[in-house]
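Q: Attaching a single structure in structure tokens format; questions to follow.
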Amino acid sequence: MHDLRKAAEALAAAQRVVVFTGAGISAESGVPTFRDALTGLWERFDAQTLATPQAFEDDPELVWGWYEWRRSLIQRVAPNPGHAAVTTIQNRAPRTVVITQNVDDLHERAGSRDPIHLHGSLFTPRCAGCAHPAEVPAATEPDEGRRLAPPRCAHCFAPIRPGVVWFGEALPEQALETAVQEATACDLLLTVGTSGLVYPAAEIPKVATMFGATVIQVNPQPTPLDATATINLHGPAATILPALTE
Ligand code: BV8
Ligand code: ZN
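The sequence shown begins at 65 in the numbering used here and counts up one residue at a time.
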């Protein structure tokens, strides 16, 4: 456990911290990651094909139903000790910035301030036509047919879409710019629960390394980021992160 102590000391000494998270930090709250059963009732589909503009265009009710099922799942679960530890890190080193690839609101519900959502959020639907922000509908459960008709825009009547970044879509410019800026300026980047496969988000830990930061990875599995990390802590976030902040 020497690495754990080394990582805890480096974290305690860091002035500017970036915590970079992926679906793995929400896994112990009961939220499936893209790698496992995220498609749930949609098991005959691959998340990668459902999370595309093409899929929404081809079948808006199937895709809207999938996202509404995911949103209702998020509303039924709670942040886990991993999310709470991220808030502790941010409270101890106020210049800590949380950058997440996740579209859930578990960082916010755990008390983390202003997380940057590189891939958008389940809670910011918008019009697919005029991009006007839309209300988050009352919690709806797609019928067992899994289809759910998306609401229509009050301004132009086009279908409402989830406020997430689909594969093939550009990330929100401001979010990406701020994330890269914070990665160049930090002295320690903690990457938690990401497979490091999705770009350009996966560049963030590499940018931190390029600018001389210490990079600590928390993930039960090896990932392409193992080579980038200064310290690799192989274990689940809800156990490792609290141990780092004891
Ligand atoms: C872009 C929101 C260009 C939606 C997501 C070939 C064809 C087409 C595209 C590409 C291509 N090659 C590259 C690309 C680009 C593509 C890409 O990177 N594809 C990959 C798959 C190769 N990227 C894009 O398309 C991006 N846009 O490039 O646009 C452009 C530029 C200008 C103008 C126009 C266009 C957009 C990417 C964003 C996609 N949206 N999410 C939604 O949620 O539905 S990404 C989605 O998948 C998640 O957000 C997550 O980030 C990502 C990966 O999912 P997972 O693997 O589940 O999650 P994660 O990576 O976090 O892995 C889970 C990890 O947790 C594992 O390592 C596991 O070991 C670990 N874990 C498990 N349990 C625990 C744990 N860790 C800790 N504790 C535990 N208990
Ligand atoms: Zn509209």
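Ideal Cβ placement from N, Cα and C applies to all residues, glycine included.
From a predicted model like this one, the values you see are computed outputs, not experimental measurements.
How long is the line joining the alpha carbons of Gly232 and His298, rounded to whole angstroms?
A: Numbered from its first residue, the sequence shown carries residue 232 at position 168. Numbered from its first residue, the sequence shown carries residue 298 at position 234. Using only the alpha carbons, I get a separation of about 31 Å.
Q: By DSSP's criteria, Ser185 is part of a beta bridge. Which residues make up the other side?
A: Position 121 of the sequence shown, counted from the start, is the residue given in the question as residue 185. Paired residues: Gly227.
Q: Would you kindly work out how many angstroms separate the C-alpha atoms of Thr309 and Thr258, rounded to a whole number?
A: Position 245 of the sequence shown, counted from the start, is the residue given in the question as residue 309. Position 194 of the sequence shown, counted from the start, is the residue given in the question as residue 258. Spanning the two alpha carbons is a distance of roughly 20 Å.
Q: Going by other Cβ atoms of all chains shown within 10 Å of its Cβ, with 16 needed for buried, is Phe275 buried or exposed?
A: For the purposes of this step, residue 275 is taken as the residue at position 211 of the sequence shown. By the 10 Å Cβ count, Phe275 comes out exposed.
Q: Under a criterion of Cβ closer than 6 Å to any non-hydrogen atom of the ligand ZN, which residues qualify, in chain order?
A: Residues with a Cβ closer than 6 Å to any heavy atom of the ligand ZN, in chain order: Cys191, Gly193, Cys194, His196, Cys217, His219, Cys220 and Ala222.
Q: Is Ala302 near the ligand BV8, judged by its Cβ being under 7 Å from some heavy atom?
A: Locating residue 302 in the sequence shown gives position 238, where the first residue counts as 1. Checking every heavy atom of the ligand BV8 against the Cβ of Ala302, one is found closer than 7 Å.
Q: Within 10 Å of its beta-carbon, does Asp168 have 16 or more other beta-carbons around it, so buried, or fewer, so exposed?
A: Mapped onto the sequence shown, residue 168 falls at position 104. Per the 10 Å Cβ criterion, buried.
Q: What's the C-alpha gap between Ile180 and Ala174?
A: For the purposes of this step, residue 180 is identified with residue 116 of the sequence shown, where counting begins at 1. For the purposes of this step, residue 174 is identified with residue 110 of the sequence shown, where counting begins at 1. Taking the straight line joining both Cα atoms gives about 15 Å.
Q: Hey, would you say the C-beta of Gly175 is under 7 Å away from at least one heavy atom of the ligand BV8?
A: As a first step, residue 175 is located in the sequence shown; it is residue number 111 there, counting from the start. Because no heavy atom of the ligand BV8 lies under 7 Å away, the Cβ of Gly175 does not count as near it: no.
Q: With respect to 7 Å, is the separation between the Cβ of Gly88 and the closest non-hydrogen atom of the ligand BV8 below this value?
A: As a first step, residue 88 must be located in the sequence shown, where it is residue number 24. Answer for Gly88: yes, Cβ within range of the ligand BV8.
Q: Measure from the alpha carbon of Asn155 to the alpha carbon of each residue in Thr287, Ala243, Leu289 and Leu75, then state which is nearest.
A: One-based indexing of the sequence shown puts residue 155 at position 91. Cα-wise, what sits closest to Asn155 is Leu75.
Q: Does the stretch 87-104 touch the stretch 137-145, meaning 3 or more C-beta pairs lie closer than 8 Å?
A: Because the criterion of three Cβ pairs below 8 Å is met, the stretch 137-145 and the stretch 87-104 touch.
Q: What is the DSSP secondary structure of Phe221, reduced to helix, strand or coil?
A: Locating residue 221 in the sequence shown gives position 157, where the first residue counts as 1. Here Phe221 sits in coil by DSSP.
Q: Between Ala198 and the ligand BV8, is there a pair consisting of the residue's CB and a ligand heavy atom that are separated by less than 7 Å?
A: Within the sequence shown, numbered from 1, the residue matching residue 198 stands at position 134. Result no, Cβ not under 7 Å from the ligand BV8.
Q: If you reduce the DSSP assignment to three classes, tell me which class Val82 lands in.
A: Residue mapping note: residue 82 aligns to position 18 of the sequence shown, counting from 1. Of the three classes helix, strand and coil, the one that applies to Val82 here is strand, per DSSP.
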